Amino acid sequence: MVEKVITLDNVSLIDFLGVENHNIKEVAAAFPMSKIISRGNEIRIKGTTPEITRISDILDSLMDHYQKYGKITQENVQNYISHSGQPLGSSGGAPPVLPDDDEVLVYGNRGVVVRAKTDNQKRLVEAAEKHDLVFAIGPAGTGKTYTAVAIAVRALKNKEVKKIIITRPAVEAGENLGFLPGDLKEKIDPYLRPIYDALDDMIPAEKLKFYDENRIIEIAPLAYMRGRTLNNAFILLDEAQNTTPMQMKMFLTRMGPSSKAIITGDRSQIDLPNRQKSGLVESVAILKSIKGIAFVELDGRDVVRHRLVREIITAYEDAGQ
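According to my numbering, the sequence shown is numbered sequentially starting from -6.
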């Protein structure tokens, strides 16, 4: 007998192995002549070379499935077991999986399926596919940030980019940052919470931790972008209405030759002091004629929060605010 050890990296072990390792027990039951032991993030296989090869192929297929869909069911395990060892093109075909849907951006955690829900969100997705730089502008609740994060996560999962960089200006909405407790990171993190919430929906916790520790996903204040060239990256600038013209120019000139960027903002929520001019407003006026840059406007029809949010936005617009 020979032995092989498979290490599971960047996965939620309970989602991959199943409750009480049920998924691995299903595989083990299909190969009674082999021994499969799961400890921590390691799976140890003992058996004949042909069986170990089949078991490894099944686990590789399950890993690919997990990376795409974010979960593994008992039915998935049985399907991959029943189709293991069949040659390509055989009558058995490929094991059935979740249906591919061109509108699905990400298969997230706990069965979450992330897709564009409104016409303008779909326009944002299409614009990001065709352009390297996209402005998504609209009021609160229109899903512009959430959709932009999903587009970036999809690009990372599809290996179209090597990293995601998400940034936003640290501008207080009627509060003083200096009076908040903690060091700079602890002061800034509350302003980045919407980004973390979106990523938590889309990426398993263990994998998100790995991405964070290895700087594959980087979330930082806009000031940290100065002097950098961001290549092979998907870059998101959130809350761009609170950038100054100088900050916006600095951000726009960070893009490397293999990067894509989405800039999101809300003209109605400018928190800059002393009526300082918004870098978002200025950049739209300056860049609107440049080919390769897309501008997507979202409005109250795109609000995906509580139904009252849409009516609140309309009421403020009618009041000229």
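Yeah, the Cβ is synthetic: ideal placement off N, Cα and C, and Gly gets one too. If you're wondering where the values come from, they're calculated on a predicted model, not measured in any experiment.
Next item on the list: Check Arg108 in the structure and name its three-state DSSP category.
Entry: Arg108: strand per DSSP, three-state reduction.
Check: How would you label Ala166, buried or exposed, when you count the other beta carbons within 10 angstroms and need 16 or more for buried?
Finding: Legend: pLDDT at Ala166 = 44, less than 50; position of this residue unreliable, no value from coordinates given.
Next item on the list: Round the Cβ separation of Leu223 and Gly249 to the nearest angstrom and send it over; I've been treating them as touching at under 8 Å.
Entry: The C-beta distance from Leu223 to Gly249 rounds to 5 Å, short enough to fall under 8 Å.
Item checked: Helix, strand or coil at Pro197 according to DSSP, with G and I counted as helix -> In this structure, Pro197 counts as coil in the three-state DSSP scheme.
Check: Any idea what DSSP makes of Gly11, helix, strand or coil?
Finding: Assigned with DSSP and collapsed to three states, Gly11 falls in coil, not helix or strand.
Item checked: contact_flag[the stretch 260 to 270, the stretch 102 to 117] where n(CB pairs < 8 Å) is 3 or more -> In short, these stretches do not touch, since the Cβ pair count stays below three.
Item checked: Length of the line joining the Cα atoms of Ala141 and Leu301 -> For Ala141 and Leu301, the distance between alpha carbons rounds to 24 Å.
Check: Are Arg37 and Ile48 close, meaning C-beta to C-beta below 8 Å?
Finding: Not closer than 8 Å, so no.
Notebook entry, point to check: Do you know whose CA, among Lys61, Leu280, Glu232, Gly285, lies nearest Asn151's CA?
Noted result: Asn151 has its Cα closest to that of Lys61, out of Lys61, Leu280, Glu232, Gly285.
Notebook entry, point to check: Near Arg260, which residues of its chain fall below 8 Å by C-beta distance, leaving aside the five closest residues on each side in sequence?
Noted result: Closer than 8 Å at the Cβ level, and outside the excluded window around Arg260, lie Ile130, Gln234, Ser271, Leu273, Val274.
Notebook entry, point to check: What residue does the beta strand (DSSP E) around Thr160 start on, and which one ends it?
Noted result: Residues 156 to 161.
Item checked: Cα-Cα separation between Val146 and Leu201, rounded to whole angstroms -> One C-alpha to the other measures close to 11 Å.
Checklist line | Burial state of Ser75, where buried means 16 or more other Cβ atoms lie within 10 Å | finding: Ser75 is exposed by the Cβ-count criterion.
Margin query: Going by DSSP in three states, Val97 sits in which element: helix, strand or coil?
Written below: When secondary structure is reduced to three states using DSSP, Val97 falls in the strand class.
Next item on the list: Report the option in Tyr139, Lys242, Ile212, Arg208 whose CA atom is closest to the CA atom of Ala191.
Entry: Comparing Cα-Cα distances from Ala191 to each of Tyr139, Lys242, Ile212, Arg208, the minimum goes to Tyr139.
Next item on the list: Jot down the residue ranges of each uninterrupted beta strand (DSSP E) in the stretch 111 to 158, minimum 3 residues, whole runs only, in chain order.
Entry: Counting only runs of 3+ residues, the beta strand (DSSP E) found wholly inside the stretch 111 to 158 occupies 126 to 130, in chain order.
Notebook entry, point to check: Would DSSP call Phe288 helix, strand or coil?
Noted result: In the three-state reduction of the DSSP assignment, Phe288 falls in the strand class, which pools E and B.
Checklist line | Ile330 vs Val(-5) beta-carbon contact at 8 Å | finding: Residue 330 cannot be examined here, being either before or after the span of the chain that is shown, -6 to 314.
Checklist line | Cut-off 6 Å between Cβ atoms - residues of its own chain near Asp297, not counting five sequence neighbours on either side | finding: It should be pointed out that residue 297 corresponds to Val in this sequence rather than to Asp. Around Val297: Lys110, Gly136.
Check: DSSP beta-bridge partners for Met248?
Finding: The beta-bridge partner set that DSSP reports for Met248 consists of Leu223.
Note to self: Looking only at its chain, what residues have a beta carbon closer than 7 Å to the beta carbon of Lys39, apart from the 5 residues adjacent to it on each side?
What the structure shows: Correct list, in chain order: Met(-6), Glu(-4), Ser27, Lys28.
Note to self: Quick check on this structure: which residue in Ser252, Ala23, Arg32 has the alpha carbon closest to the alpha carbon of Glu13?
What the structure shows: Measuring C-alpha to C-alpha distances from Glu13 to each of Ser252, Ala23, Arg32 identifies Arg32 as the nearest.
Check: Between Gly220 and Phe128, what straight-line distance do the alpha-carbon atoms span, to the nearest angstrom?
Finding: Their backbone Cα atoms lie some 22 Å apart in a straight line.
Checklist line | Ser54 versus Phe203 - alpha carbon distance | finding: In a straight line, the C-alpha of Ser54 is about 21 Å away from that of Phe203.
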